[in-house]
Each structure stands twice: as C-alpha cells, then as structure tokens.
Amino acid sequence: MTSTVSRSGAVAADPMVPRTFTLLSTHADTRDTFTLELEPTDGVRLEFRAGQFTMLSAFGIGEVPISISGSPIEDGPLIHTIRSVGGVSNAIVTSAPGTQLGVRGPFGTSWDVTDAKGGDVVIITGGIGLAPLRPAILELLAERDQYNRVVLLYGARTPEDILFGDEMRKWADRLGMTVEVTVDNGPHGWKGRVGFVTQLISRASFDPAQTIALVCGPEVMMRASANELRQRGVPAGKIRLSMERNMKCGIGLCGHCQLREHFICADGPILTYEVLAPLMQKWEL
Ligand SMILES: Cc1cc2nc3c(=O)[nH]c(=O)nc-3n(C[C@H](O)[C@H](O)[C@H](O)COP(=O)(O)OP(=O)(O)OC[C@H]3O[C@@H](n4cnc5c(N)ncnc54)[C@H](O)[C@@H]3O)c2cc1C
Ligand code: FES
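What follows is the structure in structure tokens.
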C-alpha cells in the first residue's frame with residue numbers, strides 16, 4: 315500500500331489505494347439484497363462512524379460507494395448490505411467466499427446519534443435505506459437508557475422486500491424501540507400495514523422540540539418525510555438526510571458527486587435539511 319507523510323511526520327495511507335479484504339460470507343436478506351462479511355487481509359480492523367461508506371471494488375470490474383451496515387462499536391468483520399442493481403453490485407454479491415475485494419475509506423459524515431442523548435430519535439427509512447441506518451440503530455440501542463423515545467418507521471415495496479425483519483422484531487421486543495412497518499403493496503393475506511412510510515409520521519409518538527430525525531431512502535421519500543417532520547415542528551437543523559450521488563473518488567477531488575457547492579462524498583452523505591432545503595429544486599439534477 316502506498317502512503318504519504320504529513321507535516322507532523324505521521325504516515326497516512328493513500329485514500330485512493332484500496333486495501334484488500336477477503337469475503338468471508340454472503341447472506342441473502344431478500345431476493346435482491348445481500349449482507350456480506352469481509353475480513354481485512356492485513357488484520358487491521360476498519361474503524362468507522364455510523365453512516366460512513368466505503369468505496370468497494372470487485373477487482374477488474376468496478377468500484378461503488380456502499381454504506382457500512384455493521385456495528386461501529388463492536389469488534390468483528392466489516393459488514394456491507396448491498397442491493398444488486400447493476401454490473402458492479404451484482405459482481406460483488408455473487409462473489410464466492412474467499413474472493414478478495416478492494417476497500418477504500420471509510421469516507422463521509424456520520425449520523426452522530428449521540429447528539430440525541432436525553433431526547434427522542436425518529437428514524438424514517440425505506441427499502442435498502444435501512445442498511446446505512448443499522449450502525450446508528452445499534453449504537454443507540456447499546457446505550458438505550460440514554461435516549462427517551464426511539465422510533466423506527468420503515469417502508470418496503472412488498473412484504474418480501476422487508477429487510478432485517480427478524481432483527482426489527484428483536485429491536486422492538488427486547489430493546490425498547492417502537493417499530494412501525496408498512497408496505498406499498500400487500501398481497502392477499504398480509505395482515506400488516508399498507509401505505510407509504512411518510513403516512514406514519516403524523517401519528518408517531520415523539521416530542522418534536524426534543525427530537526433528532528434520521529432519514530434515508532429515495533429522494534422523493536426523504537423530501538416528503540422532511541416536509542412532514544417540519545409540519546410536526548422538528549427544526550430543520552435536527553433533520554438529517556443521507557444523500558446518494560454517483561461517486562468516483564470519494565474524497566472530494568473529482569466533482570462527480572457535486573450538488574452545487576457541496577461534495578456529497580466529503581461534506582455528506584449525511585447533511586441536515588437546513589443545508590439541503592435550499593437545494594431541493596435541484597435534488598433530481
Ligand atoms: C454514499 C452512498 C452509500 C450507498 N450505500 C449503499 C448501500 O449500503 N447498499 C446499496 O445497495 N447501495 C448503496 N448505494 C448505492 C450504490 O452505490 C449503487 O447501487 C451502485 O453504485 C450501483 O452500481 P452498479 O454498477 O451495480 O449499477 P449501475 O450499472 O450503476 O446501475 C444499474 C441501474 O440501477 C440504477 N441504480 C443505481 N443505483 C441505484 C440505487 N441505489 N437504487 C436503485 N437503482 C439504482 C441505475 O440508475 C441503473 O439504471 C450507496 C450510494 C452512495 C452514494
Ligand atoms: S466522488 Fe469525487 S468529489 Fe465526490
């Protein structure tokens with residue numbers, strides 16, 4: 315691995331050079347989403363903060379940004395949960411155990427859940443968006459008594475697409491989290507809720523003045539969620555959204571992820587609604 319020497323004399327790894335990790339296992343969460351466990355070949359654990367991502371590569375095929383979905387506070391393998399949507403993500407999720415993958419990072423900003431200590435936390439997400447939030451959920455449930463109400467509102471397209479269903483049940487049953495799940499389309503016999511996740515916000519129980527909201531999902535869903543949260547009275551500066559953009563370098567150099575003056579890889583991916591609201595008209599650009 316190449317390295318650079320800073321003015322202080324400390325040796326830092328080159329953020330553009332991937333470390334190699336060995337794929338230990340792949341678990342199918344849903345028909346198109348898989349959780350991978352990876353072990354660093356140099357034995358050095360990758361430290362990260364909840365919400366950060368890596369640039370993950372299948373050598374010879376390509377590199378994509380993927381959030382870390384494991385616990386930031388417990389030792390163990392690097393965990394990524396990936397939805398297979400195209401060439402690179404499909405190559406990664408179909409790799410055989412023992413395959414070496416490239417990992418750069420971690421990069422980006424954090425959910426910073428500890429800012430919510432003493433107050434309520436509301437988490438609103440849909441589909442694969444639960445994966446980038448899982449580290450934040452594990453972090454706050456590890457200190458559950460430090461927070462007041464912890465509410466997770468989750469939406470999936472169909473019951474088959476619900477991610478981490480067993481784990482959500484555990485969070486609700488044993489760890490004092492309110493979990494509400496809804497699906498866009500419920501087949502015959504589905505006894506759960508049907509409707510968009512944003513419809514759950516108006517009746518969720520939390521104190522808007524003492525709440526930090528964490529939101530991750532398609533941009534149209536995040537926009538609607540932010541509007542609902544503002545209507546409930548949550549300050550814009552306390553609504554945190556995770557943005558997705560095409561990325562190449564991941565470190566604020568190439569401009570691929572630029573959203574006006576912000577480089578989403580370095581200034582984000584997690585930004586407050588206070589920062590993002592003025593850019594809303596340009597979100598889809
Ligand atoms: C900061 C950040 C964190 C991310 N974290 C995760 C994560 O934890 N897990 C994960 O699965 N993905 C995550 N993504 C999205 C992931 O990077 C893309 O799915 C991936 O780059 C697709 O590359 P590909 O070559 O497989 O598909 P491509 O060939 O690039 O795309 C194939 C098709 O899928 C569409 N597509 C691309 N991305 C998505 C998407 N996210 N949802 C739906 N359709 C899409 C494209 O428009 C295209 O039509 C994250 C993205 C960012 C920016
Ligand atoms: S991905 Fe290169 S600047 Fe963000």
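Take the sequence shown: its letter number 36 is residue 350 in my numbering, and every next letter is one higher. Beta carbons: idealized from backbone N, C-alpha and C, even for Gly.
Does DSSP put residue i in a helix, in a strand, or in coil?
i, result
"residue 364", "coil"
"residue 338", "strand"
"residue 525", "strand"
"residue 553", "strand"
"residue 495", "strand"
"residue 359", "coil"
"residue 547", "coil"
"residue 331", "coil"
Out of curiosity, what's the CA-to-CA distance linking residue i and residue j?
i, j, result
"residue 429", "residue 381", "21 Å"
"residue 577", "residue 491", "34 Å"
"residue 338", "residue 352", "5 Å"
"residue 392", "residue 548", "34 Å"
"residue 543", "residue 553", "8 Å"
"residue 569", "residue 580", "11 Å"
"residue 298", "residue 522", "Since the first and last residues shown for the chain are 315 and 599, residue 298 lies out of range."
"residue 426", "residue 360", "18 Å"
"residue 575", "residue 534", "21 Å"
"residue 531", "residue 395", "14 Å"
"residue 460", "residue 389", "22 Å"
"residue 536", "residue 451", "18 Å"
"residue 341", "residue 501", "25 Å"
"residue 585", "residue 444", "17 Å"
"residue 529", "residue 438", "5 Å"
"residue 453", "residue 559", "26 Å"
"residue 350", "residue 446", "14 Å"
"residue 538", "residue 516", "12 Å"
Residues in its own chain within less than 7 Å of residue i by CB, not counting five upstream and five downstream?
i, result
"residue 379", "367, 369, 561 and 564"
"residue 520", "434, 436, 463 and 465"
Which residues in the same chain as residue i place their Cβ atom closer than 8 Å to its Cβ, once the five residues preceding and following it in sequence are excluded?
i, result
"residue 494", "465, 466, 467, 468, 507, 514 and 518"
"residue 329", "418, 419, 421, 564 and 565"
"residue 591", "540 and 550"
With a Cβ-Cβ cutoff of 9 Å, do residue i and residue j count as a contact?
i, j, result
"residue 470", "residue 496", "yes"
"residue 362", "residue 332", "no"
"residue 346", "residue 399", "yes"
"residue 556", "residue 440", "no"
"residue 413", "residue 336", "yes"
"residue 473", "residue 383", "no"
Please name the residue or residues paired with residue i in a DSSP beta bridge.
i, result
"residue 581", "Answer is none; residue 581 lacks a bridge partner."
"residue 464", "435"
"residue 369", "379 and 418"
"residue 490", "Answer is none; residue 490 lacks a bridge partner."
"residue 576", "573"
"residue 568", "Answer is none; residue 568 lacks a bridge partner."
Apart from the five residues just before and just after residue i, which ones in its own chain have a Cβ nearer than 6 Å to its Cβ?
i, result
"residue 475", "344"
"residue 405", "372 and 375"
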